[in-house]
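As structure tokens, the structure follows; a few thoughts come after it.
Number of protein chains: 2
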Amino acid sequence: MKPPVEIRFDCHTSEAMMNSVLSKAKKEHLEILNEHKVCNIYKRGQVVFHEGSHPFGVYCVSSGKVKLSHLGDDGKEQIIRLLKEGDITGYRALLGGDRYGASAIVLEDTHICFIPKEIFIDVLKNDAGLAFEMMKLLSYELHRAELQLTHLAQKPVRERLAETLLFIKDTYGFEQDGITLNVRFSREEIANLVGTATESTIRLLSEFKKDGMVELDGKKIKILMQRELERTANLQD
Amino acid sequence: MKPPVEIRFDCHTSEAMMNSVLSKAKKEHLEILNEHKVCNIYKRGQVVFHEGSHPFGVYCVSSGKVKLSHLGDDGKEQIIRLLKEGDITGYRALLGGDRYGASAIVLEDTHICFIPKEIFIDVLKNDAGLAFEMMKLLSYELHRAELQLTHLAQKPVRERLAETLLFIKDTYGFEQDGITLNVRFSREEIANLVGTATESTIRLLSEFKKDGMVELDGKKIKILMQRELERTANLQD
DNA sequence: ATTGCTCTATGATAAAAGTCATAACAGTAC
DNA sequence: GTACTGTTATGACTTTTATCATAGAGCAAT
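Note that the protein sequences, when read in sequence, are chains A and B.
If you use the working numbering, the first sequence corresponds to residues 46 to 282, in order.
If you use the working numbering, the second sequence corresponds to residues 46 to 282, in order.
Here it is, written out as structure tokens:
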């Protein structure tokens, strides 16, 4: 694991923050947040915060990609959320008065701004609009988690893998070619997103390839037949 | 299914509301909520709200037991939360500006107060303390959902069933005898809580009985060896 | 008491998914 | 280049879990 060297950068004009929930704060509050934020660059594999540790603030992803993963009782990783620019994280533990329930691990070089707890809470106390946005965000995440819960309980691995590929596409989109998923996951990471064994993921991806739905080139995954993948995912909701 | 006849009752002095998050509202706001709430009695099987419909307010369970269940893509029930007195529900959809993601179905005769959307939102806008409590509640539920997600993905049915029995115990407690779970679930409902087939649940419960961990008497379940159940659940967190 | 109904229980079997072993391959260090 | 290492791929096999079938138990209505 690389040492967590964090290089500061100036993200004062960060567009990401303007697109995040934080932008819903009143102008004067947004200025306070901007004044107190500390921005850093993280390299692939670096850990932004560790599961089990205490939150000292919230993080806003300015650019890049981050996974939130939780270790199961036997040490197996479960990826519970994916973050991209404009997403904030660390708020669940902070607002719940809890420790981090997952670690935030950077998937590629990523710029992240940190806002200290006291500043964030103080702004939140005086900004009902922002508080509502936070509740909305939490509500959305809870909804997503409950949907996924049902899928994990009821859907076979094949459907969940198709669904996961579509989810990755919805989150990170495609590269310029319009078909290659714009992120590199190992097979193991995909398995930890789906909630299955790595070998099962590899096998099913091979099947998807044989069926012409995807094309595989190392960690590059191309979606050839999205409609067919959607049917394989068998989504109703 | 019984017709949804709702009989009003007076829950003005409802202790449940005093124990719920709503009690964290400022005194004057609590009075407003109390003035505008409408209380009803629901009988076993009645539906408080339906998955897919639009929220018109929040519900506070004054006494009784309620399950929140979500229908999977192929119509199978997944029970995602259990409510008891003092719990509120309906806030997820309301705050998220969303439809209900699950139906609330009453497990036994239950008193529930309804607070209209406008009243609730209005109070919430002017009560930062209550807003924080709501965020705390949402954070807690999100945390629980993410933990369960990991367990569903990684733990075998046997462990999840043991965990579910302990969860039921933590939620509804025991009867006077100190060992009988204070709620009646069908085997199918337990299966829908665990996320497995009804037959698997029946089989494993029989095993637990053979191992002396539980005693079964129709829908009555007695926990004979809680320590052993905890070991079977294999919980680390 | 008899009928019909739902729920619980159990066996037989099939399907799904996980595990283990090993090979092929790619990327990196030397 | 060669060795080393980690990832991907595949086959063989086992375990887990679901499904199907059927029987019995409990309960309500007649």
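C-beta: ideal position from N, C-alpha, C; glycine also.
- In the DSSP assignment, A149 (chain B) falls within the unbroken beta strand (DSSP E) covering S148 to V151.
- Per DSSP, the unbroken alpha helix (DSSP H) holding I235 (chain B) starts and ends at R232 to V239.
- By the Cβ criterion, the segment 153-172 of chain A is not in contact with the segment 201-215 of chain B, since fewer than three pairs of Cβ atoms, one from each stretch, lie closer than 8 Å.
- For H188 (chain B), the nearest CB of chain A lies under 8 Å from its own CB, placing it at the interface with that chain.
- Taking the Cβ atoms as the reference, Q199 (chain B) lies roughly 29 Å from Q271 (chain A), outside the contact range of under 8 Å.
- Excluding the 5 residues flanking it on each side, T243 (chain B) has same chain C-beta neighbours closer than 7 Å at R232, E233 and A236, in chain order.
- The residue from A:K255, A:V239 and A:L67 with its alpha-carbon nearest to that of V103 (chain A) is A:L67.
- With its beta carbon at least 8 Å from every one in chain B, K72 (chain A) lies outside the interface.
- A:L206 is the residue among A:E178, A:L206 and A:K110 whose C-alpha sits nearest the C-alpha of L274 (chain A).
- Residues V83, G102 and Y104 of the same chain have their beta carbon placed closer than 6 Å to that of F159 (chain B), with the five preceding and five following residues left out of the count.
- DSSP places G141 (chain B) in the uninterrupted alpha helix (DSSP H) bounded by Y136 to G141.
- For G102 (chain A), the enclosing beta strand (DSSP E) stretches over residues G102 to S108.
- If you check the CB distance, E186 (chain A) and Y145 (chain A) do not come in under 8 Å.
- In this structure, DSSP gives Y87 (chain A) an extended state, which the three-state scheme calls strand.
- When the five nearest sequence neighbours on each side are left out, the beta carbons in the same chain lying within less than 6 Å of the beta carbon of H99 (chain A) are those of R144, in order along the chain.
- The residue among B:I77, B:T277, B:G109 and B:I125 with its C-alpha nearest the C-alpha of L197 (chain A) is B:I125.
- Comparing C-alpha distances from Y87 (chain B) to each of B:G174, B:I268, B:S107 and B:R229 shows the shortest one belongs to B:S107.
- Note on geometry: alpha-carbon atoms of V111 (chain B) and E153 (chain A) lie some 45 Å from one another.
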